[in-house]
Structures are given as C-alpha cells and as structure tokens.
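Chain order of the listed sequences is Z and C. So for the first sequence, the working numbering puts the first residue at 42; every next one is plus one. So for the second sequence, the working numbering puts the first residue at 42; every next one is plus one.
Protein chains: 2
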Amino acid sequence: MKVLPINRVMQDDEGIAQIRRATNIGRTEHRVSTQDRTSRNRHFGGVLWMTGLSGSGKSTLAVEAETQLFERGYQVFVLDGDNLRQGLNADLGFSAQDRTENIRRAGEVAAIMSEAGMLVIAAFISPYKFDRERARLAARAHFHEIHIRADLATCESRDPKGLYKKARAGQIREFTGIDAPYEAPEAADLVVDTVSKGIEVCVSDIVNFVERRLRTPA
Amino acid sequence: MKVLPINRVMQDDEGIAQIRRATNIGRTEHRVSTQDRTSRNRHFGGVLWMTGLSGSGKSTLAVEAETQLFERGYQVFVLDGDNLRQGLNADLGFSAQDRTENIRRAGEVAAIMSEAGMLVIAAFISPYKFDRERARLAARAHFHEIHIRADLATCESRDPKGLYKKARAGQIREFTGIDAPYEAPEAADLVVDTVSKGIEVCVSDIVNFVERRLRTPA
Numbered sequence: 042m043k044v045l046p047i048n049r050v051m052q053d054d055e056g057i058a059q060i061r062r063a064t065n066i067g068r069t070e071h072r073v074s075t076q077d078r079t080s081r082n083r084h085f086g087g088v089l090w091m092t093g094l095s096g097s098g099k100s101t102l103a104v105e106a107e108t109q110l111f112e113r114g115y116q117v118f119v120l121d122g123d124n125l126r127q128g129l130n131a132d133l134g135f136s137a138q139d140r141t142e143n144i145r146r147a148g149e150v151a152a153i154m155s156e157a158g159m160l161v162i163a164a165f166i167s168p169y170k171f172d173r174e175r176a177r178l179a180a181r182a183h184f185h186e187i188h189i190r191a192d193l194a195t196c197e198s199r200d201p202k203g204l205y206k207k208a209r210a211g212q213i214r215e216f217t218g219i220d221a222p223y224e225a226p227e228a229a230d231l232v233v234d235t236v237s238k239g240i241e242v243c244v245s246d247i248v249n250f251v252e253r254r255l256r257t258p259a
Numbered sequence: 042m043k044v045l046p047i048n049r050v051m052q053d054d055e056g057i058a059q060i061r062r063a064t065n066i067g068r069t070e071h072r073v074s075t076q077d078r079t080s081r082n083r084h085f086g087g088v089l090w091m092t093g094l095s096g097s098g099k100s101t102l103a104v105e106a107e108t109q110l111f112e113r114g115y116q117v118f119v120l121d122g123d124n125l126r127q128g129l130n131a132d133l134g135f136s137a138q139d140r141t142e143n144i145r146r147a148g149e150v151a152a153i154m155s156e157a158g159m160l161v162i163a164a165f166i167s168p169y170k171f172d173r174e175r176a177r178l179a180a181r182a183h184f185h186e187i188h189i190r191a192d193l194a195t196c197e198s199r200d201p202k203g204l205y206k207k208a209r210a211g212q213i214r215e216f217t218g219i220d221a222p223y224e225a226p227e228a229a230d231l232v233v234d235t236v237s238k239g240i241e242v243c244v245s246d247i248v249n250f251v252e253r254r255l256r257t258p259a
C-alpha cells in the first residue's frame, strides 16, 4: 500500500487548468509493489547509466551486455538515442537546451522502467555532470553510473560513424571532445576501460557488476 | 538482427548540431528481439489504453487489473498521471498544448515499455481522438483501446476527487465533460461499462481480454 501525497489537484492526467496546493490531501493506492516485481524477476529494477565519448564503445557494450543479461534471466532493455530520438524525443533538436532535455527525459523514462522492475541500460554520451546527476535523482537508489572510458585519440581513431572526421572538418559543431566539453565522472560506480581491455572482458565486467549489485539473494 | 535506417546523422544521442539526410546509410544491430522477450514472458508486450471521463473508474480498474495480471505472471505496469506528471512531464502545465504533449509522451513511453516486453496499462482521460490515435501509432500492433464508459451524470455523482464540484463552481476550467469535450471512441477494442457492471466484472472483462489477445500459445 502506498499513500501518495497530492499537492496539486489534477484531473487524473490532463484535465485541470488550475493547480492548487493542498499538502494534507492523500490518496491511497494498492499497486503491485517494487518488492513484488523484484521477487518475481529475481533482480532489482535499476538503471545502468553508461556515459562516455562518441566511439568509446557504449552502444556495443550496451547491446552485448543486454544480450548476456537477458540470457541470465534479466528483464533488461537498452535505452539510447536510437529509440528515444525517433519517438519520445522526436520534437527535440540539438541546441544545448534540447540536449539537456533529451537527457532529462531519458533519465525519467529509465526511472519509470526501473520502477516497473526492469534493468535499463541507458547509453548516452551525457557529457554534463548536472544532467547525469539529475538522471540519478530520478532513479534514486538503483542508479549506477558506468563510465565507458577511452581517450579522445582512441575514440577519434575508431570513429565508427565518421563523425569525428566531420567535426574536425567543421561540418558538425559542438561535438563532444572536439569543441564541446566532456565532464568525466569522478566517482563512477564502475569504470570500463575500452582501450586497455577487449570487448569481451568489458562486457564481462559489466555483467559481473550487475550480478553483484542487482541480483537478489536466492 | 535489425537494420536501422539512419536518415539523420547524430552523435549517438545528443551531440550534433547539424542534421543531414542520408537515407542510404544503415546500421546493423543485434539486440534482444521482441520475440525473445515474448517467449520469455509468455505474453506479448502491449498497451492497454484506458480512456474515459474523470470518475469513470479508470484508475481503480487499472490498478485492479494490474494486480490480477501480475498474479497471472504478466510483466505489467500502470502508467498514469501520477507517475508521469511527477517526473517526465513535470515541465508540462495544463494548457491545451501541454495536455496534448502530456498524452503524446505517455503514448511514446508506453510504446517503449511495450517494446521492452511489458504490458502497459495506460490510464488517461485522453479526451481527443487525435491524441489517442497518435498513441496507437507509437505502439503499433499491440495497442488496445479500452473505453471505460460511464455517463457524465454517474461520473459526476461519484466525483471521487471532488473535481466536478469544483468545475461546476468555476474553480476548474476546461474540465472534460463540463466545459471541454470528450470524444468517445467509436471503435474501441473493448468497452467496459462501469455503470451497469460492478468493479469485479469489469476487471474480469479486462483480464479476459488480455488473456485472449496478449497471451502467447503455450
């Protein structure tokens, strides 16, 4: 049983023009609890937030980790620019404000999905600490920041999508690492170094991290 | 294996200022497939979109159906104003434009979660056909519109949150059914009449609908 404080009167969803503060009004709800979902799935819902430069290996690792975790029984899903930019965030461009909003929404969606019991692997460059901290606040306890670390020179030499080349040629502006900053995490929950380690080891590190932190005791 | 057409060049998520059309560029991805998730869960992901007047019983039925479907093994989650307005849609107010955006985002989040294998019960007044049809397009095949039907007089007499009273007193403007329209579905996949039937029967109708439409063959 969950008692939700309602401090804004609203018509279920979208029906009210006025907002009223009334902090003493509560509403009792019986919902499937997070604990019920955790017991069912045998793992906690949560967010693995992968941050790193373009070309650091986020997408590759996210998809590989998803596959291996799925095979181990996890309810797991990769959230990234591919599935957000085409739908939920199709209204957003690439201004600084829109990029921040892109990450804010990603963090909120990841939080909702983790509340629903899923393990979300969110793969976003997310270069700003502020944006990542807000994502952490949305998901609360089960937010895990994973720094997919590779130096700029390596990422640029990989250049899987040819984007660094375009950025150097001035065809893309405000490209993270080139003419826009990347604020590396100072206290990531896990650092995965894709320069010194191969993909298989990196994926294994991530899977082991999840098994330690998010698997419930048998 | 899924080949994603990329018609906009973008830096994974949020990194590029320019957008370029290049419809002949594709990217190959190996992800856990929808079919894998369906086999695991033994039901299809999908969206039950509950629409109806305030007081029609959407929230009650959504939460009851969630509980019963969870007990039957479904990965199921209620998406509504409560969990969206506090987070993802906290930036939205109650203007006509913001209400439409509220529903657009709800539809997109429901679609993502259903892609992840979940059965989402979305409970929103969602009075406009246009908004509901857009939600249907987002979730594609596994979108099921459920009309939670009750006449205005009944809803107003129930008035569980005292909102009709406020609307009649002019304290809330543009309240659906009072001074804003409700466009009832003309071809809902399921109609649940909460005036002539009790809660238990209504929930049972919803659960049976799901078992028929979303349960995979054993």
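Virtual Cβ for every residue (Gly too), placed ideally from N, Cα, C. This structure is a prediction, so every number in the text was calculated from the model and none was measured.
Query, Result
"On the CB-based measure, 16 or more other CB atoms within 10 Å of its CB, does Z:Cys243 come out buried or exposed?", "buried"
"How about Z:Gln116: is its C-beta nearer than 8 Å to some C-beta of chain D?", "The structure shown has no chain D; the protein chains it does contain are Z and C."
"Check whether the Cβ atoms of Z:Ile240 and Z:Glu142 lie closer than 8 Å to each other.", "no"
"Taking C-beta pairs closer than 7 Å, name the residues in chain C that Z:Met159 reaches, listed in chain order.", "Ala157"
"Between C:Ser155, C:Pro168 and C:Pro201, which has its C-alpha nearest Z:Val117's C-alpha?", "C:Ser155"
"What runs of the alpha helix (DSSP H), each 4 residues or longer, lie entirely inside the stretch 167-230 of chain C?", "170-180, 193-199 and 204-209"
"Give the straight-line distance between the Cα atoms of C:Asp172 and C:His185, rounded to the nearest whole angstrom.", "14 Å"
"Candidates Z:Ala229, Z:Ser198 and Z:Asp123: which alpha carbon is nearest Z:Ser170's?", "The question names Ser, yet the displayed sequence has Lys at residue 170 of chain Z. Answer by Cα proximity: Z:Ala229."
"Is the Cβ-Cβ distance between C:Phe165 and C:Asp121 less than 8 Å?", "yes"
"With a cut-off of 8 Å on the beta carbons, I'd call C:Gly87 and C:His183 a contact; round off their distance for me.", "3 Å"
"Which one of Z:Arg81, Z:Gln76, Z:Phe85 and Z:Met91 has the shortest CA to CA distance from Z:Pro226?", "Z:Met91"
"Just curious, the beta strand (DSSP E) that C:Met91 is in, first and last residue?", "Gly87 to Thr92"
"Bridge partners of Z:Arg256, per DSSP?", "Z:His84"
"Using 8 Å as the limit for Cβ to Cβ distance, is C:Glu174 near chain Z?", "no"
"Take the Cβ of C:Val73 as the centre, count every other Cβ of all protein chains shown within 10 Å, and call the residue buried at 16 or more, exposed below.", "buried"
"Mind listing the chain C neighbours of Z:Gly128? Cutoff is C-beta to C-beta under 8 Å, in chain order.", "Glu149, Ala152, Ile153 and Ala179"
"Is the shortest distance between the beta-carbon of C:Arg72 and the beta-carbons of chain Z less than 8 Å?", "yes"
"For Z:Ala103, which of Z:Ala259, Z:Ile247 and Z:Glu174 has the nearest alpha-carbon?", "Z:Ile247"
"Assuming C:His84 and C:Arg253 are in contact, meaning their beta carbons sit under 8 Å apart, how far apart are those beta carbons, in whole angstroms?", "Not quite, the Cβ-Cβ distance comes to about 11 Å (not below 8 Å), so this is no contact."
"Please confirm if Z:Asn124 has its CB atom under 8 Å from at least one CB of chain C.", "yes"
"Can you name, in chain order, every residue of its own chain whose Cβ lies under 7 Å from the Cβ of Z:Thr195, other than the five neighbours on each side?", "Val236"
"Work out the CA separation of C:Tyr223 and C:Ser100 for me, nearest whole Å.", "17 Å"
"Just to confirm my understanding: we take Z:Gly98, look at its own chain, exclude 5 residues before and 5 after, and list those with CB closer than 6 Å. What are they?", "Ile189 and Thr235"
"Provide the residue span of the alpha helix (DSSP H) that contains C:Phe285, from first to last.", "Shown here, chain C extends from 42 to 259; a query on residue 285 of chain C therefore has no answer."
"Kindly list the residues whose CB is nearer than 8 Å to the CB of Z:Lys206, restricted to its own chain and excluding five residues on each side of it in sequence; keep chain order.", "Asp200"
"Could you name the residues that DSSP lists as bridge partners for C:Ala164?", "C:Met91 and C:Asp121"
"In the stretch 75-90 of chain Z, which residues sit with their C-beta less than 9 Å from some C-beta in chain C, listed in chain order?", "Asp77, Arg78, Arg81 and Asn82"
"Cutting at 7 Å between CB atoms, please list the residues of its own chain near Z:Ala259, excluding the five before and the five after it.", "none"
"Hey, out of C:Val119, C:Gly148 and C:Phe111, whose CA is closest to C:Glu174's CA?", "C:Gly148"
"Whose C-alpha, out of C:Ile153, C:Leu133, C:Leu160 and C:Asp77, is nearest the C-alpha of C:Arg113?", "C:Leu160"
"Using C-beta distances below 8 Å, list every residue in its chain close to C:Leu75, excluding the 5 sequence neighbours before and after it, in chain order.", "The sequence as given places Thr at residue 75 of chain C; Leu does not occur at that position. So the list reads Gly86, Glu156 and Gly158, once near-sequence residues are dropped."
"If we ignore side chains and look at the alpha-carbon of each, how far apart do Z:Ser95 and C:Thr108 end up?", "42 Å"
"With a 10 Å radius around its C-beta and 16 neighbouring C-beta atoms as the bar for buried, classify Z:Asn249 as buried or exposed.", "exposed"
"So C:Ile162 and C:Val119 are in contact, right, with Cβ under 8 Å, and what is the actual spacing, rounded?", "5 Å"
"Based on DSSP bridge pairs, tell me the residues matched to C:Asp234.", "C:Arg190"
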